[in-house]
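Visitor:
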Amino acid sequence: MANKITPIKKLLMTFPLILSILAAFAVPSHALTSFDIVGESAIVMDYDSGEILFCKNPDKKMYPASTTKIMTALLSIEALDLDTNIVIDDETPFTEGSRIYLFADEIISVKDLLHALLLESANDAAVALAKAVSGDVESFVDLMNKRAKELGAKNTHFSNPNGLPDETHVTTVRDMALIARQAYENDVFKEIVHTVNYVIAPTEKQPESRYLKNGNRFLWGTGNANQIYYDGNWIDIKYPIVDGIKTGYTIAAQQCLVTTASKGGRRVITAVFKSQQKNIYTDTRKLIDFGLDSFENMTLSNKGERIITADIYGGKETSLEVVSGENLIQTVPAGTPVDAVKSEIHLNENIKAPVAEGDLVGEMTFSMNEKLIGTVPLTAEKTILKKTWKDSLSEFAKKTNWPLAFFILFLLYIAWRTHVTIKRLKRIKKRRQKNGKSR
Numbered sequence: 091m092a093n094k095i096t097p098i099k100k101l102l103m104t105f106p107l108i109l110s111i112l113a114a115f116a117v118p119s120h121a122l123t124s125f126d127i128v129g130e131s132a133i134v135m136d137y138d139s140g141e142i143l144f145c146k147n148p149d150k151k152m153y154p155a156s157t158t159k160i161m162t163a164l165l166s167i168e169a170l171d172l173d174t175n176i177v178i179d180d181e182t183p184f185t186e187g188s189r190i191y192l193f194a195d196e197i198i199s200v201k202d203l204l205h206a207l208l209l210e211s212a213n214d215a216a217v218a219l220a221k222a223v224s225g226d227v228e229s230f231v232d233l234m235n236k237r238a239k240e241l242g243a244k245n246t247h248f249s250n251p252n253g254l255p256d257e258t259h260v261t262t263v264r265d266m267a268l269i270a271r272q273a274y275e276n277d278v279f280k281e282i283v284h285t286v287n288y289v290i291a292p293t294e295k296q297p298e299s300r301y302l303k304n305g306n307r308f309l310w311g312t313g314n315a316n317q318i319y320y321d322g323n324w325i326d327i328k329y330p331i332v333d334g335i336k337t338g339y340t341i342a343a344q345q346c347l348v349t350t351a352s353k354g355g356r357r358v359i360t361a362v363f364k365s366q367q368k369n370i371y372t373d374t375r376k377l378i379d380f381g382l383d384s385f386e387n388m389t390l391s392n393k394g395e396r397i398i399t400a401d402i403y404g405g406k407e408t409s410l411e412v413v414s415g416e417n418l419i420q421t422v423p424a425g426t427p428v429d430a431v432k433s434e435i436h437l438n439e440n441i442k443a444p445v446a447e448g449d450l451v452g453e454m455t456f457s458m459n460e461k462l463i464g465t466v467p468l469t470a471e472k473t474i475l476k477k478t479w480k481d482s483l484s485e486f487a488k489k490t491n492w493p494l495a496f497f498i499l500f501l502l503y504i505a506w507r508t509h510v511t512i513k514r515l516k517r518i519k520k521r522r523q524k525n526g527k528s529r
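Residue numbers (this note's numbering): 91 to 529.
1. How is the beta strand (DSSP E) around GLU411 delimited, first residue to last?
2. Have a look at LEU165, GLU210 and LYS239 and flag the residue whose alpha-carbon is nearest the alpha-carbon of LEU51.
3. What is the residue span of the beta strand (DSSP E) that SER211 lies within?
4. Quickly, what does DSSP pair THR340 with across the bridge? List them, please.
5. In three-state DSSP terms, what is HIS205?
6. Which first and last residues belong to the alpha helix (DSSP H) in which ILE190 is found?
7. Give the straight-line distance between the Cα atoms of MET161 and ASN369, rounded to the nearest whole angstrom.
8. Quick one: measure Cβ to Cβ for PRO423 and PHE385, integer angstroms, because I've assumed they're closer than 8 Å.
9. Expressed to the nearest angstrom, what Euclidean distance is found between the alpha-carbon atoms of GLU141 and ALA443?
10. If you draw a straight line from the alpha carbon of ASN276 to that of LYS477, how long is it in whole angstroms?
11. For the putative contact between THR337 and SER211, defined by C-beta atoms under 8 Å, what is the C-beta separation to the nearest angstrom?
12. Look at TYR274 and LYS280 and say whether their C-beta atoms are less than 7 Å apart.
13. Does the stretch 177 to 189 come into contact with the stretch 257 to 268, if we say contact requires no fewer than three beta-carbon pairs (one atom in each stretch) closer than 8 Å?
14. For ARG189, count the other beta carbons within 10 Å of its own beta carbon; 16 or more makes it buried, fewer makes it exposed. Which is it?
15. Tell me TYR371's beta-bridge partners as DSSP assigns them.
16. Beta-carbon separation of VAL200 and THR174 under 7 Å?
17. Straight-line CA distance for VAL286 to GLY187?
18. Return the CA-CA distance between LYS461 and PHE125, expressed in angstroms with no decimal places.
19. Distance check for ASN491 and LYS516, CA to CA, integer angstroms please.
20. Which of the three DSSP states is assigned to HIS259 in this structure?
21. Look at the Cβ atom of LEU468, then the Cβ atom of MET458, and state whether they are nearer than 7 Å.
22. Can you tell which of ILE167, ILE378 and ALA206 has its C-alpha closest to the C-alpha of ALA121?
23. In angstroms, rounded to a whole number, what distance separates the CA positions of LEU241 and GLU447?
24. Pairs of beta-carbons, one from the stretch 350 to 360 and one from the stretch 133 to 151, closer than 8 Å: are there three or more?
25. Going by DSSP in three states, VAL445 sits in which element: helix, strand or coil?
26. Would you mind working out which of HIS284, ILE282 and MET234 sits nearest THR261, comparing C-alpha positions?
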């Protein structure tokens, strides 16, 4: 006897279909929550303003794997000429993990090593560059940690230049975003991380060319093997707006990825640590789209822009042009009206000369919804010296209408002479009258 299909079974059989129909007509949400991100920690930062637009465990110390090489590359580019040739020592070829299999006494350029470092994630290239910059790996690591502190990476400690597993080698997605943001300011770094393929020509030790391919599939990943399920569809990983930056993987760190992407004049930096498999690309794509689509930038202040004319006391001039001392770009939710941001000028009381160009004379604050969102210093546009007695005399001389002054003096002289003459004539008359009576 055939099994009967009960109403409950029918409902269970159609439930997946109902869900798929509901998903197809669902309105995509622009909100992003920690539950949407598989990775253990994640962040998206506006490149221009430095604003954090979304984060998940941003200050949790994590293993960064080969994203470490962002700092290694930055320091190497700053310290070394690209065309400089490096002679590989006896120890570097035995570096563990991913490598391009350098040979002892092989001569290779800094440019080739940087491409191996950032595209192929070569650990031996990292060691070679570290030694070229600082003489030994330990000194280079000290330099890495010093620079991290300078950039505000407070929860970072590097133990090697390549990201090989080490319990003391940790950073956070916030810190890595700061480091990546600084690195992307460098044009050489920018060009390399956007390169898909690169060829290292044969050397005396390696007769064959080394063919490198960028590990970041956002730059080239198409086809069935490079698909991710995103926003209800299967799409290619390749995302044309992505410009780099660096992948990373170890068993302890899992999938790590730091990227940058730009659209409509805005750029974001993202970092995701400890994601799994291709979820690293799904996570990052969510961060990129959220950061670029849900926000916009407002330029609140341009450095050198005149803000107000202030009175200045005791100076060779009586007024001072006050200018903005810094650029200020604020990232706000998309669609925010310009007048939603309020500004207030706070000048120092009784500004007195002398004042030097660039001296702080006040500040301008910006607020939105009664919340302070930014402050810029206000400075003197030019130097104004203190007024001397010679300046006062010179100022008087310049302001005086000399023809009129001489005319007035002439009239006063005539009046005085007339007065003197009248008095003299009166005395003479009195004297004559007195003499006449005495006769």
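The beta-carbon is built from N, C-alpha and C at its ideal position, and this holds for glycine as well. All of these numbers come straight from a predicted model, not from anything done at the bench.
Guide: This is what the structure gives:
1. 409 to 414
2. Nothing can be reported for residue 51, as the shown portion of the chain is limited to 91 through 529.
3. Here SER211 belongs to no beta strand (DSSP E), and DSSP marks it neither H nor E.
4. GLN344
5. Helix.
6. That residue, ILE190, is in no alpha helix (DSSP H); it is neither H nor E in DSSP.
7. C-alpha separation (whole angstroms): 25 Å.
8. 6 Å between Cβ atoms; contact.
9. 38 Å
10. 47 Å
11. With 8 Å as the limit, THR337 and SER211 qualify as a contact, their Cβ atoms being about 7 Å apart.
12. The answer is yes: Cβ separation under 7 Å.
13. no
14. Burial call: buried.
15. BP columns for TYR371 are empty, so no partner.
16. Judged by their CB atoms, VAL200 and THR174 are nearer to each other than the 7 Å cut-off.
17. If you draw a straight line from the Cα of VAL286 to the Cα of GLY187, it comes to about 21 Å.
18. 28 Å
19. 37 Å
20. coil
21. In this structure, MET458 does not lie closer than 7 Å to LEU468 by Cβ.
22. Checked all of ILE167, ILE378 and ALA206; the closest Cα to ALA121 is ILE378.
23. 28 Å
24. yes
25. strand
26. MET234
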